[in-house]
Every structure is written in C-alpha cells, then in structure tokens.
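Engineer: This is the structure, below, for whatever I ask next.
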Amino acid sequence: MSNIANVLAKRKDKEEGLGGNDNAVSFNKQDFETLRSECLASGKLFCDPTFPAEVSSLGFNQLGKHSSKTIGVEWKRPSDLCPNPQFICDGATRTDIRQGALGDCWLLAAIASLTLDAEILGRVVPADQSFTEKYAGIFHFQGSPKRIILIRIIRTKSALVQP
Numbered sequence: 001m002s003n004i005a006n007v008l009a010k011r012k013d014k015e016e017g018l019g020g021n022d023n024a025v026s027f028n029k030q031d032f033e034t035l036r037s038e039c040l041a042s043g044k045l046f047c048d049p050t051f052p053a054e055v056s057s058l059g060f061n062q063l064g065k066h067s068s069k070t071i072g073v074e075w076k077r078p079s080d081l082c083p084n085p086q087f088i089c090d091g092a093t094r095t096d097i098r099q100g101a102l103g104d105c106w107l108l109a110a111i112a113s114l115t116l117d118a119e120i121l122g123r124v125v126p127a128d129q130s131f132t133e134k135y136a137g138i139f140h141f142q143g144s145p146k147r148i149i150l151i152r153i154i155r156t157k158s159a160l161v162q163p
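This is the structure in structure tokens:
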C-alpha cells in the first residue's frame with residue numbers, strides 16, 4: 001500500500017474507532033479468544049506460524065542464523081524452566097524484569113515501564129493471563145494500535161537458565 005493510501009486507511013480506521021484501547025486492530029486477523037478456545041479444545045498449545053520458534057525469528061546480523069550470539073539458543077515453554085511457572089505474582093514491579101544473555105534490553109525496558117502503572121499494564125496484558133488457568137500457550141497483549149498474540153515460548157541459552 002502506498003504511503004498516502006496507508007495514511008488514508010489509518011485515518012478511516014481512527015474515524016471508525018479502530019485502533020483505540022477499546023477496539024484494537026488485530027494483527028494478522030488473529031482473534032485471541034477463538035485461538036485460545038481452539039487450543040484448549042484440542043489440548044494443543046499455540047504455535048504461531050508468523051513467529052516460529054526458530055533462530056530466524058530472533059533477528060538479523062548480530063542475532064541472525066549464523067551469529068555466535070544465537071549458538072545454543074533453545075526455545076522452551078515456561079513449564080520447561082520450572083515446575084510451577086507464574087506470570088505475575090503479588091503484583092508486578094520493574095525489578096521483576098531481568099535481562100538475559102540475548103540482549104533484549106529494549107523489550108525488557110518497555111515491559112518494566114508498564115509495571116509502574118497497574119491500569120496501563122492491565123490494558124496491555126489482561127489480568128486473566130496465566131501459565132496455569134486455561135493455559136493454551138498463547139498470550140494476548142493489547143497495545144495501540146494492534147492487538148498481538150504471542151506464543152509462550154521463551155528463548156534461552158541452556159548454560160544461563162536460572163529459575
């Protein structure tokens with residue numbers, strides 16, 4: 001889509017109320033409730049074809065397929081890291097967030113800043129998200145202007161994993 005067409009489409013969406021906190025635009029037409037229900041009914045955890053659990057999903061150049069930084073990277077579910085994983089316990093604080101060896105500081109800084117305001121955190125990560133109740137391997141993050149569904153697989157380097 002050309003830049004002008006893109007601007008006009010975004011303007012039309014905004015006029016129709018799309019892209020706001022109450023009516024986010026879905027990424028790749030994914031519907032969280034439908035996907036979660038399908039996973040729970042089938043007993044299978046969500047696997048996102050747009051973001052496969054592969055090194056190629058980490059990035060390019062320094063985090064590319066042939067980078068020394070991605071050697072030994074494994075993708076694991078939270079239950080592979082500890083027997084009773086918890087997403088948020090007794091509230092969230094910025095000191096709960098720790099950076100690992102993969103250098104994802106920009107993402108972690110954004111997540112940590114969300115913990116400073118419970119209302120904003122609740123809009124981005126709905127309160128019913130859990131690793132235990134109705135677990136389907138899928139998260140629903142609502143931001144602006146897209147609603148994005150993320151697979152619950154964590155990239156790790158085996159020698160550096162600490163529960």
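Mapping to the UniProt record's numbering: the sequence shown position 108 is 108, numbers consecutive.
Just so it is clear, CB atoms sit at the ideal spot from N, CA and C, and this is done for glycine as well.
These numbers come from a predicted model, not from an experiment.
1. Ordered along the chain, which non-local residues of its own chain (more than five positions away) have a Cβ less than 6 Å from that of Ser56?
2. Classify Gly137 as buried or exposed, calling it buried when 16 or more other Cβ atoms lie within 10 Å of its own Cβ.
3. Count the CB pairs spanning the stretch 27-36 and the stretch 99-119 that are closer than 8 Å, and state whether there are at least three.
4. Distance, Cα to Cα, residue 170 vs Ile97?
5. For Ile71, which residues in the same chain have their Cβ closer than 6 Å to its Cβ, ignoring the five residues on either side in sequence?
6. Between Phe46 and Cys39, how many whole angstroms is the CB-CB distance? I'm expecting something under 8 Å.
7. Where do the N-terminal and C-terminal ends of the alpha helix (DSSP H) with Lys76 fall, by residue?
8. Output the distance between the C-alpha atoms of Glu133 and Ile4, rounded to the nearest integer angstrom.
9. For Gln86 and Thr93, what's the separation of their Cα atoms in angstroms?
10. Three-state secondary structure (DSSP) at Gly130?
11. Going by alpha carbons, who is nearest to Lys69 out of Ala112, Lys76 and Phe60?
12. Using only alpha-carbon positions, find the residue among Ser37, Thr95 and Glu54 that is nearest to residue 168.
Structural biologist: Checking against the coordinates, here is how it stands:
1. Lys65
2. buried
3. no
4. The question about residue 170 has no answer, for the chain in this structure spans 1 to 163.
5. none
6. 5 Å
7. Unbroken run through Lys76 is the beta strand (DSSP E), Val73 to Lys76; no alpha helix (DSSP H).
8. 45 Å
9. 14 Å
10. Sequence check: residue 130 is Ser here, not Gly. Three-state result, Ser130: coil.
11. Phe60
12. The first residue shown for the chain is 1 and the last is 163, placing residue 168 beyond what the model contains.
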